[in-house]
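A.B. asks: A single structure is presented below for examination.
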Amino acid sequence: MLIFLDTVIYYLYFIMTGVFALLLLRNLFKRERRKGWVYDIVYSYVIMTFILRIIGIK
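Structural data, given as structure tokens:
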């Protein structure tokens, strides 16, 4: 039972990470305010951490 729950939590973690990464990517390209380079760099840095987690590199 614990192995099953561990597997479910593992996959839910990756699904949640993917959803957050997609939401951040959408907000990166559809922003109406704060369109400066600094905000692009911050968004890219945050998105990169989510993508690395999906790939398996922590």
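In this text, residue positions in the sequence shown follow this note's numbering: the first is 3, and each later residue adds one.
Think of the CB as a built atom: it goes at the ideal place given N, C-alpha and C, for glycine as much as any other residue.
Between which two residues does the alpha helix (DSSP H) containing residue 57 stretch?
C.D. replies: From DSSP, the alpha helix (DSSP H) with residue 57 extends over 39-57.
A.B. asks: Going by DSSP, what residue range makes up the alpha helix (DSSP H) through residue 3?
C.D. replies: Careful: residue 3 lies outside any alpha helix (DSSP H) and carries neither H nor E.
A.B. asks: Three-state secondary structure (DSSP) at residue 28?
C.D. replies: In this structure, residue 28 counts as helix in the three-state DSSP scheme.
A.B. asks: Below 7 angstroms CB to CB, which residues in the same chain sit around residue 53 once its five sequence neighbours on both sides are set aside?
C.D. replies: 23, listed in sequence order.
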